[in-house]
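The numbers in my numbering rise by one with no breaks, and the one at position 42 of the sequence shown is 42.
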Amino acid sequence: MRISKIFTSSFARVYPFYIQKAEKKGRSKADVDAIICWLTGYTPQTLQQQIDKNIDFETFFAQAPQINPNASRITGVICGCRVEEIEDKLMQKIRYLDKLIDELAKGKPMEKILRK
1 MRISKIFTSS
11 FARVYPFYIQ
21 KAEKKGRSKA
31 DVDAIICWLT
41 GYTPQTLQQQ
51 IDKNIDFETF
61 FAQAPQINPN
71 ASRITGVICG
81 CRVEEIEDKL
91 MQKIRYLDKL
101 IDELAKGKPM
111 EKILRK
């Protein structure tokens, strides 16, 4: 099985792009952090520690305290794939995050993004 390049990519290098995408649409770094913490179970402090360690996506999700049980409610298409149909669990988690950031950038209310 071929390992996707994103698995070994640095989360810390991609994180600023999430923030940039959100800020271009009038959203904030705090919104991005809230989404990441909701999905992964990290606190703002532990999220920053992971960023400071410059870990890859595989490690970032492997060390996540707990993937939110409502993550399975994230549906739709991202990068040409339906997130709910992605078989590789790590890739699915990465695409969940991508989908949530896209929803943020599209102006969706936080309550809906966080599946409340």
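Cβ coordinates follow ideal geometry from the N, Cα and C atoms, glycine included. Since we're looking at a predicted model, the values are computed, not measured.
When C-alpha distances from Ala64 are compared across Thr46, Ser72, Ile78, Ile74, the shortest belongs to Thr46. Within a 10 Å sphere around the beta-carbon of Lys99 sit 16 or more other beta-carbons, which makes this residue buried. Listed as beta-bridge partners of Ile78 by DSSP are Cys81. DSSP, reduced to helix, strand and coil, places Ser72 within a helical segment of the structure shown.
Exclusion of the five residues before and after Arg115 leaves Asn70, Arg73 as the residues of its chain whose Cβ lies within less than 6 angstroms of its Cβ.
Distance between Val77 and Ala34, taken at the CA atoms: about 22 angstroms. Ranked by how close their Cα comes to the Cα of Met91, the residues Gly26, Phe57, Cys37 have Phe57 in first place.
In the three-state reduction of the DSSP assignment, Asp52 falls in the helix class, which pools H, G and I. At the C-beta level, Ile101 and Lys21 come within 8 angstroms of one another. The criterion of a C-beta distance shorter than 8 angstroms is not satisfied by Phe7 and Ile55. Within the DSSP secondary-structure output, Ser10 pairs in a beta bridge with Asp56.
The residues Ile36, Gln50, Ala64, Pro65, in chain order, have a CB closer than 8 angstroms to that of Tyr42 in the same chain once the five nearest residues on each side in sequence are set aside.
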